[in-house]
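Novice: Residue numbers (the working numbering), protein chains in the order written: chain V, 259 to 660; chain H, 2 to 134.
C-beta: ideal position from N, C-alpha, C; glycine also.
Below is a structure I'd like to ask you about.
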């Protein structure tokens, strides 16, 4: 009954448009109904599209957001959120936006948009890793999250339930507290489909990224079950693993037998079904993933990007140890991305140098090595955190698969 | 020219026709297409550099970042959108992209569209009734 009232405009135009969008989306999916959620992750950014719309006051931002995020042809004021909602993207470093190449006009739009997000009651986390900042769903909790690397972490590592929502469907969920009961919201869709036998034991963060990148490309959107892992990974390893699998394929959920909550055993991971296929991850597969991630040839590097997904405190601590007593090379930009809340704790430095022209980049993120060459046109080296920081210090790429 | 009729499930209703652009590779939105130009930009994609503007896009499905729907929504707002979508694998990304494109979209066809339809074929998409090639 509540749904009808909202759909009929009983709670205003904005919530009506949000519910309409969820219904159209649910029908497109073939979902039988919507389910309640009180855990939404999304980002409202008024300059997200390539055509910038002018915004001189808050109501301009509201108009842009209603058009972009709620698919409305008529503008309206965005009302207060109904579900607990975390804002994941801010679009700029608030202190170093000029260095990032953000124009003053766009900076103004970003500030106005943040005012709107704060006005409607969003949590201004500004991180792709909400689970590092206290949004840690419990087993079985229905969520509506954007951000492929966060979704795969929520489903696989925490046992929370979410599909990869788009900005628009998550914005709608934020306003009405509902999401389609479809996909990974259903228990049976969370079962494994492909068996991955590990012959090369993943140890380092980079290994876990290579495993994810290799498996994702093969299983695409299915659910791999990694079997044979002997040593417990940790947050950094699983964060990188998931982001990589979500980049090369569309993996939204995986199991690691013995280590993730819905895979205490192979039987539990597959729910008694047979795997549709079995693949192995050995030395050759690891090498193949590594080679596919490098698009650069020039060993002179001038841009090192670390922290995609955002670094946690352990990774910042590691980077700090590698940089201790050393200087970043004068030709090199070293950027480390981390949530502002964690930066406050770590008091980490390194973002304040002036940037230089970028020709060849290097990163420890398989996700960025996958996307950066196409999006920004930089030939990119992929390697470990240590290889990247050595390159930052020397300006030369010496990384290799060891 | 022989006419073939395929049947499937409506994702978004409507009827249109146009030239097919067929790929066996899944398509990512954010980082996979350039909405301003209406082309595929992913580095190892078989359609890299090709335009999907006003085409009937026949593809396995969407992959990649949750920015996918935004990128396809942007193609509608920027006038570079495909005319209709025909795909095999349902995901939240492709469902939401279809809804925001407000263009006819179909899935679950009785024959594999990636095999039956070739790039350059003239395709009529009647999302409520079926597909004709």
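Along the chain, where does the alpha helix (DSSP H) that runs through residue 440 of chain V open and close?
Specialist: Note, residue 440 of chain V: premise wrong, no alpha helix (DSSP H); not H, not E.
Novice: What residues are listed by DSSP as bridge partners for residue 558 of chain V?
Specialist: For residue 558 of chain V, which the question treats as bridged, DSSP gives the partners V/654.
Novice: Can you find a heavy atom of the ligand GTP that lies under 7 Å from the Cβ of residue 654 of chain V?
Specialist: Ligands are entirely absent from the displayed structure, and the ligand GTP is therefore not among its contents.
Novice: How many angstroms separate the CA atom of residue 713 of chain V from the CA atom of residue 550 of chain V?
Specialist: Any question about residue 713 of chain V goes unanswered here, given that chain V covers just 259 to 660.
Novice: For residue 308 of chain V, I'd like the list of residues in its chain whose CB is within less than 8 Å of its CB, leaving aside the five on either flank, ordered along the chain.
Specialist: Interpretation of residue 308 of chain V is limited by its pLDDT of 46, a score under 50 that renders its predicted location unreliable; no figure is taken from the coordinates.
Novice: Can at least three beta-carbon pairs, one atom from the region 538-545 of chain V and one from the region 507-519 of chain V, be found at a separation below 8 Å?
Specialist: No, the region 538-545 of chain V is not in contact with the region 507-519 of chain V.
Novice: Can you have a look at residue 368 of chain V and say buried or exposed, based on whether 16 or more other CB atoms are within 10 angstroms of its CB?
Specialist: So residue 368 of chain V counts as buried.
Novice: Please list the partners that residue 333 of chain V has in chain B, where partner means a Cβ-to-Cβ separation under 7 Å.
Specialist: Among the chains of the structure shown, chain B does not appear; the protein chains present are V and H.
Novice: Listed in chain order, which residues of the region 275-301 of chain V have Cβ atoms closer than 8 Å to some Cβ of chain H?
Specialist: Hits within the stretch, in order: 279, 282, 283, 286, 287, 288.
Novice: Report all residues from its chain with a CB closer than 6 Å to the CB of residue 684 of chain V; omit the five preceding and five following residues, and keep chain order.
Specialist: In the structure displayed, chain V extends from 259 to 660; residue 684 of chain V sits before or after that span and is not available.
Novice: Which runs of the alpha helix (DSSP H) fall wholly inside the region 365-428 of chain V and span at least 4 residues, in chain order?
Specialist: Listed in chain order, the complete alpha helix (DSSP H) runs (minimum 4 residues) inside the region 365-428 of chain V are 406-411.
Novice: What number of angstroms, rounded off, separates the C-alpha of residue 45 of chain H from the C-alpha of residue 472 of chain V?
Specialist: Using only the alpha carbons, I get a separation of about 15 Å.
Novice: Suppose contacts are defined by Cβ-Cβ distances below 8 Å. Is residue 662 of chain V in contact with residue 486 of chain V by that definition?
Specialist: What is shown of chain V runs 259 to 660, which leaves residue 662 of chain V out entirely.
Novice: What residues of chain V sit near residue 102 of chain H, judged by a beta carbon separation below 8 Å?
Specialist: Those within 8 Å of residue 102 of chain H in chain V number zero; the least Cβ separation is about 10 Å.
Novice: Below 8 Å on the Cβ atoms is my contact criterion, and I expect residue 131 of chain H with residue 20 of chain H to pass it. Report the Cβ-Cβ distance as a whole number of Å.
Specialist: Not a contact, Cβ separation roughly 19 Å.
Novice: List, in chain order, every chain H residue whose beta-carbon is nearer than 7 Å to that of residue 421 of chain V.
Specialist: Near residue 421 of chain V (Cβ distances below 7 Å), the residues of chain H are 93.
Novice: For residue 400 of chain V versus residue 331 of chain V, is the C-beta spacing smaller than 8 Å?
Specialist: No, Cβ-Cβ distance for residue 400 of chain V and residue 331 of chain V is not below 8 Å.
Novice: What residue range is occupied by the uninterrupted alpha helix (DSSP H) comprising residue 318 of chain V?
Specialist: Counting along the chain, the alpha helix (DSSP H) containing residue 318 of chain V begins and ends at 316-327.
Novice: Looking at C-alpha atoms only, which residue of H/10, H/37, H/6 is the closest neighbour of residue 1 of chain H?
Specialist: In this structure chain H extends from 2 to 134, so residue 1 of chain H is not present and cannot be described.
Novice: Does any C-beta atom of chain H lie closer than 8 Å to the C-beta of residue 583 of chain V?
Specialist: No, because no Cβ of chain H sits closer than 8 Å to the Cβ of residue 583 of chain V.
Novice: Residue range of the alpha helix (DSSP H) that residue 499 of chain V falls in?
Specialist: Start and end: 493-506.
Novice: Distance check for residue 407 of chain V and residue 416 of chain V, CA to CA, integer angstroms please.
Specialist: In a straight line, the C-alpha of residue 416 of chain V is about 13 Å away from that of residue 407 of chain V.
Novice: Count the other CB atoms within 10 Å of the CB of residue 314 of chain V; is the residue buried (16 or more) or exposed (fewer)?
Specialist: Exposed: under 16 other Cβ atoms inside 10 Å.
Novice: Might you give, ordered along the chain, the residues of its own chain that have their beta carbon closer than 6 Å to the beta carbon of residue 74 of chain H, omitting 5 neighbours on each side?
Specialist: Excluding residues within five positions, the ones whose Cβ falls inside 6 Å are 101.
Novice: Take residue 7 of chain H and list the residues in its own chain whose beta-carbon comes closer than 7 Å to its own, dropping the five residues that flank it on each side.
Specialist: Closer than 7 Å at the Cβ level, and outside the excluded window around residue 7 of chain H, lie 110, 111, 112, 114, 117, 131, 132.
Novice: Restricting to Cα atoms, I'd like to know which of V/470, V/428, V/333, V/341 is closest to residue 628 of chain V.
Specialist: Selected option, being the one with the closest Cα: V/470.
Novice: Could you please give the first and the last residue of the uninterrupted beta strand (DSSP E) stretch that includes residue 452 of chain V?
Specialist: Here the beta strand (DSSP E) through residue 452 of chain V covers 452-456.
Novice: Quick one, which residues of the region 464-483 of chain V are near chain H if we go by CB-CB under 7 Å, in chain order?
Specialist: Correct list: 478, 479.
Novice: In chain H, which residues lie with their C-beta within 8 Å of the C-beta of residue 553 of chain V?
Specialist: Per Cβ cutoff of 8 Å: 44.
Novice: Would you say residue 127 of chain H reaches chain V, if we count a Cβ-Cβ gap shorter than 8 Å as a contact?
Specialist: Not closer than 8 Å to any Cβ of chain V, the Cβ of residue 127 of chain H fails to qualify, so no.
Novice: Name, going along the chain, the residues of the region 5-27 of chain H whose beta-carbon falls closer than 9 Å to a beta-carbon of chain V.
Specialist: Hits within the stretch, in order: 10, 11, 12, 13, 27.
Novice: Please go through the same chain and pick out, in chain order, the residues whose beta-carbon is closer than 7 Å to the beta-carbon of residue 394 of chain V, but skip the five residues on each side of it.
Specialist: Correct list, in chain order: 416.
Novice: In angstroms with no decimal places, state the Cα-to-Cα distance between residue 328 of chain V and residue 382 of chain V.
Specialist: Going from the Cα of residue 328 of chain V to the Cα of residue 382 of chain V covers about 20 Å.
Novice: Helix, strand or coil: how does DSSP classify residue 563 of chain V here?
Specialist: Strand at residue 563 of chain V.
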